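Undergrad: Residue numbers (this note's numbering): 26 to 362. Note that the Cβ used here is the ideal one computed from N, Cα and C, for glycine as well. Just so we're clear, the structure is a prediction, and the values are computed from it rather than from any experiment.
1) Are at least three pairs of beta-carbons, each pair with one atom in the stretch 105 to 122 and one in the stretch 310 to 327, less than 8 Å apart?
2) Buried or exposed, going by whether 16 or more other CB atoms sit within 10 Å of the CB of residue 214?
3) Count the C-beta pairs between the stretch 200 to 212 and the stretch 325 to 343 that are closer than 8 Å, then say yes if the count reaches three, no if not.
4) Tell me whether residue 81 sits in a helix, a strand or coil according to DSSP, three-state version.
5) Does the stretch 293 to 312 touch the stretch 266 to 274, meaning 3 or more C-beta pairs lie closer than 8 Å?
6) Restricting to Cα atoms, I'd like to know which of 170, 119, 97 and 252 is closest to residue 139.
7) Just to confirm the assignment, what range does the alpha helix (DSSP H) spanning residue 335 have?
8) How big is the Cα-Cα spacing for residue 39 and residue 217?
9) Exposed or buried, which one is residue 350 when buried takes at least 16 other CB atoms within 10 Å?
10) Report buried or exposed for residue 149, applying the criterion of at least 16 other Cβ atoms within 10 angstroms of its Cβ.
11) Helix, strand or coil for residue 272, going by three-state DSSP, please let me know.
12) When the Cα atoms are used, what is the spatial distance from residue 354 to residue 316?
13) Find out if the Cβ-Cβ distance for the pair residue 352, residue 153 is shorter than 9 Å.
14) Can you look up residue 58 in the DSSP assignment and give me helix, strand or coil?
15) Which term fits residue 223, buried or exposed, when burial requires 16 or more other beta carbons within 10 angstroms of its beta carbon?
16) Can you tell me the Cβ-Cβ gap for residue 307 and residue 275, rounded? I've got them flagged as a contact below 8 Å.
17) Rounded to the nearest angstrom, how far is the Cβ of residue 259 from that of residue 280, given a contact under 8 Å?
18) Whose C-beta lies closer than 8 Å to the C-beta of residue 305 among residues of the same chain, with five residues either side of it excluded?
19) Would residue 121 be called buried (16 or more neighbouring beta carbons within 10 Å of its own) or exposed?
20) Could you compute how far the alpha carbon of residue 202 sits from the alpha carbon of residue 358?
21) Confirm, please, whether the CB-CB distance from residue 240 to residue 231 is below 9 Å.
22) Taking the alpha helix (DSSP H) that residue 50 falls in, what are its first and last residues?
23) At 4 residues or longer, and completely inside the stretch 231 to 300: list those alpha helix (DSSP H) runs for me, N to C.
24) Tell whether a beta-carbon distance below 9 Å holds between residue 42 and residue 49.
25) Run through DSSP, which three-state label would residue 74 get?
Here's what the structure looks like:
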């Protein structure tokens, strides 16, 4: 007797074709990294078993769609791109598909109402949603939600974040160890926990070294190059400008270096600069940027693993999962003589 097609799952196909679930998923999504003979064998099994991967069929069969939703501010942002790499790696392992919404084009344009509306929309066609750098902490949905780089308020859902405070302290210890005492800081989006923790690490780093906090050396920001450029101009025009600037992320740090060059300064000869994130561009920028690696792709991977566990009724212990940070020393800083 043939198999009832309404009971066929992607795992049945993988077992019959003697391949992994992720390989079946790649074949279904027409990926070009599967050997032709393997692809042919998988498609033959799909046809033989009568498997369908349509959302409607899957939803009717199991009340699940095997689809994960992703909401992020801007897909062109290097941070977001690295997050997506980690998410794609995880969904391939579990045989899920992905639906992506952008919440406004730039981080500055993200709004709580837009995010909540997108989560509600995705709730109808997905098993769960990941939200990157959210503008809100509350989501009205029956499906699980995991956020990456959460809002400053305590998240009501599971969240993944880097050890931002420890990373910022490491930056300050490094710069102070090089002899810097006038250290500027350009912050990130103030509503995000990461930005608050990095600012706190900057302040506590000064205090631990017995260096008085100078409010003039702190500039607000929003994790963009433009904020870094404008903030650096203000800092470098002070009567007593900083000898080093700690930028809240790499995009901001690149803006700092661009501003310094426009003002006739050379990094690191005239100004030391440190970023945070370790986006790929940081290693290839001139000079190569000293920064804090927060394993961005691992944040996406871990958020997806947590979400899949929640979908399967296997929640992790606790709401907040922290990814360790590491200071990466390159060429954008020098010791004071």
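TA: To lay it out plainly:
1) Touching, yes, given that three or more Cβ pairs across the two stretches are closer than 8 Å.
2) Classification for residue 214: buried.
3) In the pairwise beta carbon analysis, the stretch 200 to 212 is classified as not touching the stretch 325 to 343: fewer than three pairs are separated by under 8 Å.
4) The predicted model places residue 81 with a pLDDT of 44, which falls under 50 and marks its position as unreliable, so this point remains unresolved.
5) Segments in contact, yes.
6) The shortest C-alpha separation from residue 139 is found at 97.
7) 321 to 336 is the extent of the alpha helix (DSSP H) around residue 335.
8) Distance between residue 39 and residue 217, taken at the CA atoms: about 41 Å.
9) If you draw a 10 Å sphere on the C-beta of residue 350, you find 16 or more other C-beta atoms in it, and that means buried.
10) Result: exposed.
11) Strand at residue 272.
12) C-alpha separation (whole angstroms): 7 Å.
13) Taking 9 Å as the cut-off, the Cβ atoms of residue 352 and residue 153 do not count as close.
14) The answer is coil: DSSP assigns residue 58 none of H, G, I, E or B.
15) Residue environment for residue 223: buried (at least 16 other C-beta atoms within 10 angstroms of its C-beta).
16) Rounded to whole angstroms, the Cβ separation of residue 307 and residue 275 is 5 Å, and the two are in contact under 8 Å.
17) About 12 Å; that fails the 8 Å criterion.
18) These residues qualify, in order along the chain: 103 and 107.
19) Residue 121 is buried by the Cβ-count criterion.
20) Going by the C-alpha atoms only, they are around 11 Å apart.
21) Taking 9 Å as the Cβ cut-off, residue 231 and residue 240 do not qualify as a contacting pair.
22) Counting along the chain, residue 50 sits inside the alpha helix (DSSP H) bounded by residues 46 to 53.
23) Within the stretch 231 to 300, the complete alpha helix (DSSP H) runs of at least 4 residues are 250 to 261 and 275 to 287.
24) In this structure, residue 42 lies near residue 49, with their beta-carbon atoms less than 9 Å apart.
25) Note: residue 74 maps to helix in three-state DSSP.
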